[in-house]
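Here is the structure we will look at, set down as structure tokens.
4 protein chains.
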Amino acid sequence: MKKREVQASVKDERLVKKRRDQMIKGAVTLFIQKGFHRTTTREIAKASGFSIGTLYEYIRTKEDVLYLVCDSIYDQVSERLQKDLDMNRGTLESLKLGIADYFRVVDEMQDEVLVMYQEVKSLSKDALPYVLKKEIEMVEMFEKLINGCIENGELDLVEDQVKMIAHNIFVQGQMWAFRRWSLKRIYSIDDYIKLQTDLLFQGILTKNAL
Amino acid sequence: MKKREVQASVKDERLVKKRRDQMIKGAVTLFIQKGFHRTTTREIAKASGFSIGTLYEYIRTKEDVLYLVCDSIYDQVSERLQKDLDMNRGTLESLKLGIADYFRVVDEMQDEVLVMYQEVKSLSKDALPYVLKKEIEMVEMFEKLINGCIENGELDLVEDQVKMIAHNIFVQGQMWAFRRWSLKRIYSIDDYIKLQTDLLFQGILTKNAL
Amino acid sequence: MKKREVQASVKDERLVKKRRDQMIKGAVTLFIQKGFHRTTTREIAKASGFSIGTLYEYIRTKEDVLYLVCDSIYDQVSERLQKDLDMNRGTLESLKLGIADYFRVVDEMQDEVLVMYQEVKSLSKDALPYVLKKEIEMVEMFEKLINGCIENGELDLVEDQVKMIAHNIFVQGQMWAFRRWSLKRIYSIDDYIKLQTDLLFQGILTKNAL
Amino acid sequence: MKKREVQASVKDERLVKKRRDQMIKGAVTLFIQKGFHRTTTREIAKASGFSIGTLYEYIRTKEDVLYLVCDSIYDQVSERLQKDLDMNRGTLESLKLGIADYFRVVDEMQDEVLVMYQEVKSLSKDALPYVLKKEIEMVEMFEKLINGCIENGELDLVEDQVKMIAHNIFVQGQMWAFRRWSLKRIYSIDDYIKLQTDLLFQGILTKNAL
DNA sequence: TATGAATGAGGCTTCATTCAT
DNA sequence: CATGAATGAAGCCTCATTCAT
Chain F
1 MKKREVQASV
11 KDERLVKKRR
21 DQMIKGAVTL
31 FIQKGFHRTT
41 TREIAKASGF
51 SIGTLYEYIR
61 TKEDVLYLVC
71 DSIYDQVSER
81 LQKDLDMNRG
91 TLESLKLGIA
101 DYFRVVDEMQ
111 DEVLVMYQEV
121 KSLSKDALPY
131 VLKKEIEMVE
141 MFEKLINGCI
151 ENGELDLVED
161 QVKMIAHNIF
171 VQGQMWAFRR
181 WSLKRIYSID
191 DYIKLQTDLL
201 FQGILTKNAL
Chain X
1 MKKREVQASV
11 KDERLVKKRR
21 DQMIKGAVTL
31 FIQKGFHRTT
41 TREIAKASGF
51 SIGTLYEYIR
61 TKEDVLYLVC
71 DSIYDQVSER
81 LQKDLDMNRG
91 TLESLKLGIA
101 DYFRVVDEMQ
111 DEVLVMYQEV
121 KSLSKDALPY
131 VLKKEIEMVE
141 MFEKLINGCI
151 ENGELDLVED
161 QVKMIAHNIF
171 VQGQMWAFRR
181 WSLKRIYSID
191 DYIKLQTDLL
201 FQGILTKNAL
Chain B
1 MKKREVQASV
11 KDERLVKKRR
21 DQMIKGAVTL
31 FIQKGFHRTT
41 TREIAKASGF
51 SIGTLYEYIR
61 TKEDVLYLVC
71 DSIYDQVSER
81 LQKDLDMNRG
91 TLESLKLGIA
101 DYFRVVDEMQ
111 DEVLVMYQEV
121 KSLSKDALPY
131 VLKKEIEMVE
141 MFEKLINGCI
151 ENGELDLVED
161 QVKMIAHNIF
171 VQGQMWAFRR
181 WSLKRIYSID
191 DYIKLQTDLL
201 FQGILTKNAL
Chain A
1 MKKREVQASV
11 KDERLVKKRR
21 DQMIKGAVTL
31 FIQKGFHRTT
41 TREIAKASGF
51 SIGTLYEYIR
61 TKEDVLYLVC
71 DSIYDQVSER
81 LQKDLDMNRG
91 TLESLKLGIA
101 DYFRVVDEMQ
111 DEVLVMYQEV
121 KSLSKDALPY
131 VLKKEIEMVE
141 MFEKLINGCI
151 ENGELDLVED
161 QVKMIAHNIF
171 VQGQMWAFRR
181 WSLKRIYSID
191 DYIKLQTDLL
201 FQGILTKNAL
């Protein structure tokens, strides 16, 4: 599935990229503060550093801004993950590193993740699939990391389990962003990573219990 | 923390209850279809079976409807959970039952949970805490179930772990609702319960790895 | 062909009629001064004596106002013509009376006719046919008056001629409105009626020439 | 009355002429399709084959384009008529030829005539007189043709009649353009010329009736 | 001369809320 | 208590025009 094209009136590709970057940056800040629906196009223009007229030279509708924002955030997050995947050696260690890295990206991009997370649903039926596709791809990255361990004999799991775990990891990452109001009071990101990883690997039953 | 009062012009308490029930029912349907922001008060009134004027006899602002909806959903979910908690005997079995029951409630109330889940953030700074409080209470229910097992010596966990697990359970419940587009293709609710419970209890390293 | 329905949010039919009459009256004044495109919806609302919100309780789009205006003007004009037609006796005299009466209606409703005449083309492909239909009906009225004379033996014309004459009469009526800047300097409405009628009946070759 | 000057930034007269011709050609096409108000300056620039910036090197405002279009159309039509006038011999025959020729020009330039006809009123109070002046001149051409016949004794009419007839001819020409949706179903341009000419000359009263 | 990115006033329309009946 | 007509602030978007390159 190709990227969904957001039409711009301006021809200069480089300029389009530049202006849209300004736009995304400005919009994220606003969406964090007040959400997509409560943010006006004029506010977006202002926060982006140009006029309302100029804003509309680079998008067609307000929703395009949301799409651009979501798209950009996913790109950033998955780009980071891709690196871990690339040096994946199929060991438990590299799985752990992948998870830790993902959680850290989420931590660094808390606001962005939260925004995307809360506002995707505001995308039209038209744009949603493109963003969902990216989500699926990220879950698949975790599946690959896990499958690597299985192939190496470090884990013994069936496909259904793999998929479930991949989903869990993905959601627990997001969870750090969308439940931070609650979690941050108790844990640092390092605590969070350690606790979640241990739980994931060992479950709640102590050795004693086995 | 007491329930947040939503002011009504009408005095007859029984009538207020009745009208608000109609309202919640109508609103949930609409919020599911189009989300809170895209739903108009007029539509809510119509779906509730009365006029826009009447609607405003029972609420003060549109946001009140959202609050009422969220409040009602949480009430229903936690009421169900409360029962399990009441007959909690501090055994792993009753923890498992609690989890299974929670996941099943979420399954039955998928739409409602999804709505609440996606729209809470639209609540004003004023109303949000009241709903968040309910969430906290639900997480605490799971904490209690777990602590029961610890007291009984069936589990050996420190507080930080307990809280983390409670959060995980809570989120995995919601996850069944908000990722159903993805999960339902792979799992039935029974699969989901079994897999998640096993994973929770035993982790991914399982027997072989130990 | 039925009248095209213009949807109103307000239910009370009588009120709808009343408000739309206000609206048409206000709009015509404005359209005369500045044309449809240069008139804003807010101006229409103001000229109609209510708020912009109220305006939109009675129409769906700005174009609806134009349609309502055109529709109303045609109704008024053709209602007047209908009377003449009703007492048509198939004599040259009643044809002359019909023409004179039509020209007089146009004279009395100069502004309205001019507006409709200049702005119909701004109607969407959707609404245009309904208005054009009315125009056709009016032309047909003149055809009937003429055919009456033919049946009575007062005139001897073939169908093509009848149609042409009907069109000419119709256009010469409008002409009094849309070329008044030029014609009024030279003729009174009575002059105009007399001259046009004579020309129509006798041509320019007159007695001398024959 | 001199031509109204439309200011251009560009000095090279030949270039101005060339660009404006491109502009008029492009604009007419668009005005025909969507009318003056619905056509944007950007569209005009594009249809003219140059950029929006360049467009504004040759005009001052969007309205200038309309003026240029109207002006050009009138020029073309009256240039053709002028020829007939030049060889006017004051005979009924040359009057007939003049009318036929005018109707034929209108037929050939249907679109242009229609545009001009429907959009002149969009000209500002500033530009309108210049275009109206051309219209008057055209009507005067017909007056001259008729007066020629009178001087030759071929017709016997008073001034008021002459003016009325000239107006009628002029309007009947336009009519072929602006009522073509209706007329073309019934008549070819030749039918139209013959019928209108006969009616004009002989009226509707048959010899018998006299 | 030619280009096209930038501007912002202003247009159309929606919708939460009020209030007279 | 119920109704629904009225209100107007505010939102999204367009487009004529300018100006730096």
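Chains as they are written, first to last, in full-length UniProt numbering: chain F, 1 to 210; chain X, 1 to 210; chain B, 1 to 210; chain A, 1 to 210.
Just so you know, even glycine gets a beta-carbon here, dropped at the ideal spot from N, CA and C.
Open item on the list: By the DSSP assignment, the alpha helix (DSSP H) with aspartate 13 of chain B in it spans what residues?
Closed with: As a first step, residue 13 of chain B must be located in the third sequence, where it is residue number 13. Per the sequence shown, the amino acid found at residue 13 of chain B is glutamate instead of aspartate. For glutamate 13 of chain B, the uninterrupted alpha helix (DSSP H) segment begins and ends at 13-38.
- [ ] Out of B:Asn168, B:Ala47 and B:Ile204, state which residue places its alpha-carbon closest to the alpha-carbon of valine 65 of chain B.
- [x] Here residue 65 of chain B refers to the residue found at position 65 of the third sequence. Selected option, being the one with the closest Cα: B:Ala47.
Open item on the list: Taking contact to mean 3 or more Cβ pairs, one atom from each stretch, closer than 8 Å, check whether the region 148-161 of chain B and the region 90-106 of chain B are in contact.
Closed with: For the pair of segments examined, the region 148-161 of chain B was found to touch the region 90-106 of chain B: the number of CB pairs separated by less than 8 Å reaches three.
Task: Whole-angstrom distance between tyrosine 187 of chain A and valine 28 of chain B, CA atom to CA atom - done: Position 28 of the third sequence, counting from 1, holds the residue named residue 28 of chain B. Position 187 of the fourth sequence, counting from 1, holds the residue named residue 187 of chain A. Looking at the two C-alpha atoms, the distance is approximately 35 Å.
Task: Where the alpha helix (DSSP H) containing glycine 173 of chain X begins and where it ends - done: The count along the second sequence starts at 1 and reaches residue 173 of chain X at position 173. In the DSSP annotation of this structure, the continuous segment of the alpha helix (DSSP H) that includes glycine 173 of chain X starts and ends at 159-178.
Task: Element boundaries [alpha helix (DSSP H), containing alanine 8 of chain B] - done: As a working note, residue 8 of chain B is residue 8 in the third sequence. In the DSSP assignment, alanine 8 of chain B falls outside any alpha helix (DSSP H), carrying neither H nor E.
Task: Members of the region 10-37 of chain X that neighbour chain F once the beta carbon cut-off is set at 7 Å - done: Of all residues in the region 10-37 of chain X, only Gly35 and His37 place a beta-carbon less than 7 Å from a beta-carbon of chain F.
Task: Secondary structure of glutamate 108 of chain F, DSSP reduced to three states - done: By one-based count along the first sequence, residue 108 of chain F stands at place 108. If DSSP states are grouped into helix, strand and coil, glutamate 108 of chain F belongs with the helices.
Open item on the list: Is it the case that the region 181-201 of chain F contacts the region 178-197 of chain X, given that we only count it when at least three CB pairs across the two stretches are under 8 Å?
Closed with: These segments do not touch.
Open item on the list: Is there a Cβ of chain F sitting closer than 7 Å to that of asparagine 208 of chain X, yes or no?
Closed with: Numbered from its first residue, the second sequence carries residue 208 of chain X at position 208. Because the pLDDT at asparagine 208 of chain X is just 45, under 50, the model does not fix this residue reliably, and the value given afterwards should be weighed accordingly. The beta-carbon of asparagine 208 of chain X is placed less than 7 Å from the nearest beta-carbon of chain F.
- [ ] Could you say which of F:Ala100, F:Val162, F:Asp126 and F:Arg38 lies nearest to glutamate 143 of chain F if we only look at CA atoms?
- [x] Here residue 143 of chain F refers to the residue found at position 143 when the first sequence is read from its first residue. When only C-alpha atoms are compared, the closest one is F:Val162.
Open item on the list: Quick check on residue 216 of chain X: does DSSP put it in helix, strand or coil?
Closed with: Chain X is shown only over 1 to 210; residue 216 of chain X falls outside these bounds and no answer can be derived.
- [ ] Say whether chain A places a C-beta atom closer than 7 Å to the C-beta of valine 120 of chain B.
- [x] Mapped onto the third sequence, residue 120 of chain B falls at position 120. Output row for valine 120 of chain B: interface = no.
TODO: Could you give the DSSP three-state label for glutamine 196 of chain B: helix, strand or coil?
DONE: Working through the third sequence from its first residue, we reach residue 196 of chain B at position 196. Under the three-state reduction of DSSP, glutamine 196 of chain B is assigned to helix.
Task: Under 7 Å by beta carbon: chain B residues contacting leucine 157 of chain A - done: Residue numbering aside, residue 157 of chain A sits at position 157 when the fourth sequence is read from its first letter. Within chain B, Ile204 have C-beta atoms less than 7 Å from the C-beta of leucine 157 of chain A, given in sequence order.
Task: Rounded Cβ spacing between glutamate 119 of chain A and phenylalanine 178 of chain A (contact assumed at less than 8 Å) - done: Working through the fourth sequence from its first residue, we reach residue 119 of chain A at position 119. Working through the fourth sequence from its first residue, we reach residue 178 of chain A at position 178. Contact between glutamate 119 of chain A and phenylalanine 178 of chain A is ruled out by a C-beta separation of about 12 Å, above the 8 Å threshold.
Task: When F:Trp181, F:Cys70 and F:Glu159 are compared against residue 235 of chain F, the one with the closest alpha-carbon - done: Outside the displayed span of chain F (1 to 210) sits residue 235 of chain F, for which this structure offers no information.
- [ ] With DSSP as the reference, label alanine 45 of chain X as helix, strand or coil.
- [x] As a first step, residue 45 of chain X must be located in the second sequence, where it is residue number 45. Note: alanine 45 of chain X maps to helix in three-state DSSP.
TODO: Could you name the residues of the same chain whose beta carbon sits closer than 6 Å to that of glutamine 76 of chain B, not counting the 5 residues immediately before and after it, in chain order?
DONE: One-based indexing of the third sequence puts residue 76 of chain B at position 76. Taken in chain order, the list of residues that qualify is empty.
Task: leucine 210 of chain B versus glutamate 154 of chain A: straight-line alpha-carbon distance, rounded - done: Here residue 210 of chain B refers to the residue found at position 210 of the third sequence. Here residue 154 of chain A refers to the residue found at position 154 of the fourth sequence. Unreliable positioning characterises leucine 210 of chain B in this predicted model, as indicated by a pLDDT of 42, which lies under 50. The coordinate reading is nonetheless provided below. Straight across, the Cα-Cα distance linking leucine 210 of chain B with glutamate 154 of chain A is about 11 Å.
- [ ] Can you give me the Cβ contacts of threonine 197 of chain A inside the same chain, cut-off strictly under 8 Å, excluding the 5 residues immediately before and after it?
- [x] Walking along the fourth sequence from the start, residue 197 of chain A turns up at place 197. Only Lys96, Ile99 and Ala100 meet the Cβ criterion.
Open item on the list: I want to check one thing, is the minimum distance from the CB of lysine 144 of chain F to the heavy atoms of the ligand FMN below 6 Å?
Closed with: Among the components modelled here there is no ligand, and therefore nothing to report on the ligand FMN.
Task: Against chain A: residues of the region 149-183 of chain B by CB proximity under 8 Å - done: Residues of the region 149-183 of chain B that bring their beta carbon within less than 8 Å of a beta carbon in chain A comprise Glu154, Leu155, Asp156, Leu157, Asp160, Gln161, Lys163, Met164, Ile165, His167, Asn168, Val171, Gln172, Met175, Arg179, Trp181, Ser182 and Leu183, in sequence order.
Open item on the list: Assess contact between the region 164-183 of chain A and the region 120-130 of chain A, defined as three or more Cβ pairs (one per stretch) separated by less than 8 Å. Is contact present?
Closed with: Judged by Cβ distances under 8 Å, the region 164-183 of chain A makes no contact with the region 120-130 of chain A, as fewer than three pairs qualify.
Task: Reduced DSSP category for phenylalanine 50 of chain F - H, G, I as helix; E, B as strand; rest coil - done: In the first sequence, the residue the question calls residue 50 of chain F occupies position 50. Coil at phenylalanine 50 of chain F, not helix or strand.
Open item on the list: With a threshold of 7 Å between beta carbons, is isoleucine 186 of chain A in contact with chain B?
Closed with: Locating residue 186 of chain A in the fourth sequence gives position 186, counting from the first residue. Judged by the 7 Å Cβ criterion, isoleucine 186 of chain A is in contact with chain B.
TODO: Whole angstroms is fine: what's the gap from serine 51 of chain B's alpha carbon to arginine 38 of chain B's?
DONE: Taking the first residue of the third sequence as position 1, residue 51 of chain B is located at position 51. Taking the first residue of the third sequence as position 1, residue 38 of chain B is located at position 38. Approximately 19 Å between the Cα atoms of the pair.
Task: Cα-Cα separation between valine 105 of chain X and glutamine 174 of chain X, rounded to whole angstroms - done: The sequence position of residue 105 of chain X within the second sequence is 105, counting from 1. The sequence position of residue 174 of chain X within the second sequence is 174, counting from 1. Their backbone Cα atoms lie some 10 Å apart in a straight line.
- [ ] At 8 Å on the CB atoms, spell out the chain X contacts of phenylalanine 50 of chain F, in chain order.
- [x] Position 50 of the first sequence, counting from 1, holds the residue named residue 50 of chain F. Counting only Cβ-Cβ distances below 8 Å, phenylalanine 50 of chain F has no contacts in chain X at all, with the closest Cβ about 26 Å away.
Task: Cβ-based neighbour list, serine 9 of chain A, same chain, cut-off 7 Å, excluding 5 preceding and 5 following - done: Within the fourth sequence, numbered from 1, the residue matching residue 9 of chain A stands at position 9. Within the same chain, serine 9 of chain A has close Cβ partners Glu57.
Open item on the list: Just to confirm before moving on: does the CB-CB distance between threonine 82 of chain B and glycine 49 of chain B stay below 7 Å?
Closed with: Taking the third sequence and counting its residues from 1, one reaches residue 82 of chain B at position 82. Taking the third sequence and counting its residues from 1, one reaches residue 49 of chain B at position 49. The question names threonine, but residue 82 of chain B in the sequence shown is glutamine. No.
TODO: Kindly list, in the order they appear in chain F, the residues whose Cβ is closer than 7 Å to that of leucine 66 of chain X.
DONE: As a position in the second sequence, residue 66 of chain X is number 66, starting the count at 1. Correct list: empty, because the minimum Cβ distance to chain F is about 12 Å.
Open item on the list: Can you check which of these residues, X:Gly35, X:Met164 and X:Leu85, is closest to tyrosine 117 of chain X by C-alpha distance?
Closed with: Numbered from its first residue, the second sequence carries residue 117 of chain X at position 117. When only C-alpha atoms are compared, the closest one is X:Gly35.
Open item on the list: Can you tell me where the alpha helix (DSSP H) holding isoleucine 150 of chain B begins and where it ends?
Closed with: As a position in the third sequence, residue 150 of chain B is number 150, starting the count at 1. Run containing isoleucine 150 of chain B: 128-151, per the alpha helix (DSSP H) assignment.
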